[in-house]
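Trainee:
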Amino acid sequence: MRFAIGSLIVILFTAATTAVAGLLQFKQLAAEISVTPPIKHADVTRATPGKPQTLLLIGSDHRAGEPFKAANTDTMMLVRLNASSRTINLLSVPRDLRVQIPEGGVPVTDRLNAAYSIGGPNLLVRVISHQVFPGIRINHIVDVNFGGFRDLVNAIGCVYTDVDHRYYNNTVYTDYSSIDIQPGYQRLCGATALAFVRFRHTDSDLVRNARQQDFLRWAKAQFGSSYLFDHRNRLVRIFGAHTQTDADLHSIDGLINLFNLVAFSAGHTIKQIPFPAIFLPCGTQPGAVLGAACYVTADAAAERRAFREFITPTQAPSHPASDRHHHPHRHRYVAANATSDQADGQAQAAALHRPRMPVYYPRVIAPGSSYCVGSAGNCPLETASPGSYPRAYTIRDRSGRRHAAYRMTLALNPVLGEYYGVQGTTWLHPPILYKETGIRVVHGRRLQLYSGGGKVSLVAWRTRRAVYWISNTLTDTLSPGQMVAIAASLKRAT
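Going by our numbering, the sequence shown opens with residue 152, and the numbers climb by one from there.
(1) For M508, report the span of its beta strand (DSSP E) as first-last.
(2) Just to confirm the assignment, what range does the alpha helix (DSSP H) spanning D648 have?
(3) Residues in its own chain within less than 7 angstroms of A306 by CB, not counting five upstream and five downstream?
(4) Between which residues of its own chain and S622 is the CB-CB distance below 7 angstroms, once the five residues before and five after are set aside?
(5) Considering N488, what are the terminal residues of the alpha helix (DSSP H) in which it resides?
(6) Hey, W369 and Y311 are a contact pair by Cβ (cut 8 angstroms); roughly how many whole angstroms apart?
(7) If R542 and R558 are in contact, beta carbons under 8 angstroms, what's the gap, nearest whole angstrom?
(8) Determine the direct distance from the alpha carbon of S268 to that of G632, and round the result to whole angstroms.
(9) Please determine, among V592, L629 and A449, the residue with the shortest C-alpha to C-alpha distance to K606.
(10) Grouping DSSP H, G and I as helix and E and B as strand, with all else coil, what is G572?
(11) Provide the residue span of the alpha helix (DSSP H) that contains N320, from first to last.
(12) Thinking just about the alpha-carbon of each residue, which of H580, N296 and R507 is nearest to the one in T187?
(13) Considering only residues of the stretch 200–287, which uninterrupted alpha helix (DSSP H) runs meet the minimum length of 4 residues and lie entirely inside it, listed in chain order?
(14) Between the Cα of P425 and those of A372, L229, A182 and R197, spot the shortest distance and give me the residue it belongs to.
(15) Between G299 and T394, is the Cβ-Cβ spacing less than 8 angstroms?
(16) Can you name, in chain order, every residue of its own chain whose Cβ lies under 6 angstroms from the Cβ of L274, other than the five neighbours on each side?
(17) Distance, Cα to Cα, R657 vs V278?
(18) Should K371 be labelled buried (16 or more other beta-carbon atoms within 10 Å of its own) or exposed?
(19) Under the rule that 16 or more other beta-carbon atoms within 10 Å means buried, what is S355, buried or exposed?
(20) In the structure shown, what three-state DSSP assignment does A500 receive?
(21) Would you kindly report the start and end of the unbroken alpha helix (DSSP H) that includes I637?
(22) Could you round the C-beta distance between R338 and R547 to whole angstroms and report it? I think they count as a contact, below 8 angstroms.
(23) List the endpoints of the continuous alpha helix (DSSP H) containing R456.
(24) If you draw a straight line from the C-alpha of V348 to the C-alpha of A639, how long is it?
(25) Ignore the nearest five residues each way along the sequence and tell me which others in N321's own chain have a CB closer than 6 angstroms to its CB.
(26) Could you check how far apart the C-beta atoms of P427 and A449 are, in whole angstroms? I think they sit under 8 angstroms.
(27) Quick one: residues in its chain with C-beta nearer than 7 angstroms to the C-beta of S235, no 5 flanking neighbours on either side, listed in chain order?
(28) Who pairs with Q395 in a beta bridge, going by DSSP?
(29) Is it buried or exposed, H504, if we count other Cβ atoms within 10 angstroms and call 16 or more buried?
(30) Count the other CB atoms, across all protein chains shown, that sit within 10 Å of the CB of G286; report buried if there are 16 or more and exposed otherwise.
(31) What does the Cβ neighbour count give for G271, buried or exposed, with the cut at 16 atoms within 10 Å?
(32) Go to T343, then tell me how far its alpha helix (DSSP H) extends in each direction, as first and last residue.
(33) Expressed to the nearest angstrom, what Euclidean distance is found between the alpha-carbon atoms of D302 and D492?
(34) On the criterion of 16 or more Cβ atoms from any shown chain inside 10 Å, does N290 qualify as buried, or is it exposed?
(35) Is the beta carbon of Q251 closer than 8 angstroms to that of P245?
(36) Would you mind giving the Cβ-Cβ distance between T196 and R288, rounded to the nearest angstrom? I have them listed as a contact below 8 angstroms.
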């Protein structure tokens with residue numbers, strides 16, 4: 152139970168409220184942070200006011216004052232803040248990345264997360280800056296424990312989450328934590344949200360990192376400055392109680408320097424930069440040495456490219472209106488990027504018993520994918536989940552009003568945790584659709600695109616009674632053309 156995702160939410164939300172409140176709030180925050188001692192001899196570079204900053208966010212089960220050898224971290228996330236850029240860059244480093252960790256002066260091959268248990272945040276920074284991204288300068292370290300994530304999610308009133316498939320595990324029968332979440336757009340709170348972002352039972356580090364970054368993006372889109380300001384005292388207390396930082400963030404000057412930068416970036420989009428991971432064969436997998444450890448590695452040149460993209464300021468897409476009706480005839484992607492599967496779509500629609508709303512299904516799907524069907528067993532671990540595939544249900548908005556909804560789930564590569572979906576709901580303005588990044592008109596249908604980092608994560612289409620969207624896989628495996636083609640093919644079930 153250890154994560155990094157909660158730390159960035161804490162920083163973004165607390166920074167927004169503190170910047171509005173002024174100097175008195177900074178003094179309170181400095182006092183709250185000082186409840187826990189700073190990281191000793193933190194290996195950071197003090198940032199110049201107004202200049203870009205790089206943060207290392209660590210999610211751990213470490214408690215201040217306890218030795219790091221008794222602590223673990225599963226996720227390490229780098230964040231690049233730049234006031235001149237219109238985006239916040241995120242780059243997660245896999246916990247299983249193979250590195251050389253100095254133990255007693257002798258380099259030992261191990262996973263990156265072992266550096267934290269052996270030498271705490273400072274050794275982790277040293278390994279990242281020497282072996283993963285040579286030359287990177289970390290300006291701040293923020294180490295948040297899992298209790299901070301849970302309490303923060305509850306403090307902001309939970310987060311509406313686009314759950315890509317059925318998540319189920321019973322810890323009685325496995326070594327993994329229990330989880331039971333149905334697919335579809337829904338509100339997740341505290342412990343359930345925690346289970347969702349930390350899930351790693353049937354997928355990889357990359358999928359989990361993408362899930363955490365998506366959760367952050369969904370959370371950030373749901374709360375404005377006025378809401379955060381009204382809850383600032385509680386957020387500040389959560390930050391202080393569950394966070395350990397470098398000494399500079401225990402000072403008013405250091406906090407102002409960072410939080411002013413965050414305030415300038417707070418309204419901007421989040422760009423997710425994938426780590427160029429290569430998964431090595433392990434255990435009994437083909438090509439593996441018997442009993443080999445399950446490491447992740449990467450090509451050095453690819454790592455350098457990812458690092459350059461991470462530190463380079465990037466501009467957010469132009470206003471959606473500027474893209475409207477732009478060469479609509481060029482966006483007929485169906486033939487080249489999707490395959491016809493109308494019969495299975497009709498069967499999914501028929502299996503939705505009384506969804507209390509018009510049902511649309513896609514006439515085309517991505518090549519190599521198939522619908523999850525509860526009785527067929529094509530989606531692992533979910534065969535004993537009646538009503539999951541497809542799923543008809545209701546969503547409550549923040550005012551408590553119920554809205555009809557349904558979800559169709561498609562498996563692209565279940566082994567790698569790659570699922571995409573068809574969502575429909577009578578909730579016409581859910582938070583996930585607040586800020587479109589582009590418009591495409593295909594065969595007269597106006598499609599809303601939601602993207603980041605050049606990839607399309609969601610394509611939506613509206614009627615007067617409902618809204619429908621296609622959700623990409625967590626790692627945005629489907630191309631923009633495929634996403635548009637599938638959304639453009641939606642047909643009403645008879």
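All C-beta atoms, glycine included, are put in the ideal place defined by N, C-alpha and C.
Mentor: This is what the structure gives:
(1) By 1-based counting over the sequence shown, the position of residue 508 is 357. Boundaries cannot be given for M508, as no beta strand (DSSP E) includes it and DSSP labels it neither H nor E.
(2) The requested residue 648 does not occur in the structure, where the chain is confined to residues 152 to 645.
(3) Position 155 of the sequence shown holds residue 306. Here the set comprises H382, R385, L386 and I389.
(4) Along the sequence shown, read from residue 1 onward, the residue named residue 622 stands at position 471. Result list for S622: D313, D315, Y571, G572, Q574 and L609, in chain order.
(5) Taking the sequence shown and counting its residues from 1, the one referred to as residue 488 is at position 337. N488 -> alpha helix (DSSP H) spans V485 to N488.
(6) Within the sequence shown, the letter at position 218 stands for residue 369. Within the sequence shown, the letter at position 160 stands for residue 311. In this structure W369 touches Y311 by the C-beta definition: roughly 6 angstroms separates them, less than 8 angstroms.
(7) Along the sequence shown, one-based indexing puts residue 542 at 391. Along the sequence shown, one-based indexing puts residue 558 at 407. So it is a contact: roughly 5 angstroms between Cβ atoms.
(8) As a first step, residue 632 must be located in the sequence shown, where it is residue number 481. As a first step, residue 268 must be located in the sequence shown, where it is residue number 117. For G632 and S268, the distance between alpha carbons rounds to 44 angstroms.
(9) For the purposes of this step, residue 606 is taken as the residue at position 455 of the sequence shown. Answer by Cα proximity: L629.
(10) Against the sequence shown, residue 572 aligns to sequence position 421. For G572, the secondary structure class from DSSP, reduced to helix, strand or coil, is strand.
(11) What you label residue 320 is simply residue 169 of the sequence shown in a count that begins at 1. Counted as a single uninterrupted DSSP element, the stretch harbouring N320 is not any alpha helix (DSSP H) but the beta strand (DSSP E) occupying residues Y318 to N320.
(12) Stepping through the sequence shown from its first residue, residue 187 is reached at position 36. Out of H580, N296 and R507, N296 has the C-alpha closest to the C-alpha of T187.
(13) 264–278, all fully within the stretch 200–287.
(14) In the sequence shown, counting from the first residue as 1, residue 425 sits at position 274. When only C-alpha atoms are compared, the closest one is L229.
(15) To locate residue 299, count along the sequence shown from 1; it is residue 148. To locate residue 394, count along the sequence shown from 1; it is residue 243. Contact check for G299 against T394 passes: the beta carbons are separated by less than 8 angstroms.
(16) For the purposes of this step, residue 274 is taken as the residue at position 123 of the sequence shown. These residues qualify, in order along the chain: A266.
(17) This structure leaves residue 657 out entirely; the chain is present only between 152 and 645.
(18) Here residue 371 refers to the residue found at position 220 of the sequence shown. Answer is buried; the Cβ neighbour count reaches 16.
(19) The sequence position of residue 355 within the sequence shown is 204, counting from 1. Sixteen is the threshold: when 16 or more other Cβ atoms of the shown chains lie within 10 Å of the Cβ of S355, as they do, the residue is buried.
(20) The residue labelled residue 500 in the question sits at position 349 within the sequence shown. Shown here, A500 sits in a helix according to DSSP, grouped into three states.
(21) Position 486 of the sequence shown, counting from 1, holds the residue named residue 637. I637: member of the alpha helix (DSSP H) spanning P631 to A639, first to last residue.
(22) Position 187 of the sequence shown, counting from 1, holds the residue named residue 338. Position 396 of the sequence shown, counting from 1, holds the residue named residue 547. So it is a contact: roughly 7 angstroms between Cβ atoms.
(23) Translated into the one-based positions of the sequence shown, residue 456 becomes position 305. Its alpha helix (DSSP H) spans residues A451 to I462.
(24) Working through the sequence shown from its first residue, we reach residue 348 at position 197. Working through the sequence shown from its first residue, we reach residue 639 at position 488. Rounded to the nearest whole angstrom, the CA to CA distance from V348 to A639 is 31 angstroms.
(25) Here residue 321 corresponds to residue number 170 of the sequence shown, with the count starting at 1. Within the same chain, N321 has close Cβ partners S329.
(26) Position 276 of the sequence shown, counted from the start, is the residue given in the question as residue 427. Position 298 of the sequence shown, counted from the start, is the residue given in the question as residue 449. Between P427 and A449 the beta-carbon gap is near 5 angstroms, inside 8 angstroms, which marks them as a contact.
(27) Here the question's residue 235 lines up with position 84 in the sequence shown. In the same chain as S235, and ignoring 5 residues on each side of it, the C-beta atoms closer than 7 angstroms to its own belong to P464, in chain order.
(28) Looking up residue 395 in the sequence shown gives position 244. Paired residue(s): D294.
(29) Residue numbering aside, residue 504 sits at position 353 when the sequence shown is read from its first letter. With fewer than 16 other Cβ atoms from the protein chains shown falling within 10 Å of its own Cβ, H504 counts as exposed.
(30) Stepping through the sequence shown from its first residue, residue 286 is reached at position 135. Around the beta-carbon of G286, fewer than 16 other beta-carbon atoms lie within 10 Å, marking it exposed.
(31) As a first step, residue 271 must be located in the sequence shown, where it is residue number 120. Residue burial annotation: G271 is buried, with at least 16 other C-beta atoms found within 10 angstroms of its C-beta.
(32) Translated into the one-based positions of the sequence shown, residue 343 becomes position 192. From DSSP, the alpha helix (DSSP H) with T343 extends over G341 to R349.
(33) Along the sequence shown, one-based indexing puts residue 302 at 151. Along the sequence shown, one-based indexing puts residue 492 at 341. Near 44 angstroms, if we compare the C-alpha coordinates of D492 and D302.
(34) Numbered from its first residue, the sequence shown carries residue 290 at position 139. With 16 or more Cβ atoms within 10 Å of its Cβ, N290 is classed as buried.
(35) Within the sequence shown, the letter at position 94 stands for residue 245. Within the sequence shown, the letter at position 100 stands for residue 251. At the C-beta level, P245 and Q251 stay beyond 8 angstroms of one another.
(36) Translated into positions along the sequence shown, residue 196 becomes position 45. Translated into positions along the sequence shown, residue 288 becomes position 137. Contact flag correct, Cβ pair sits at about 4 angstroms.
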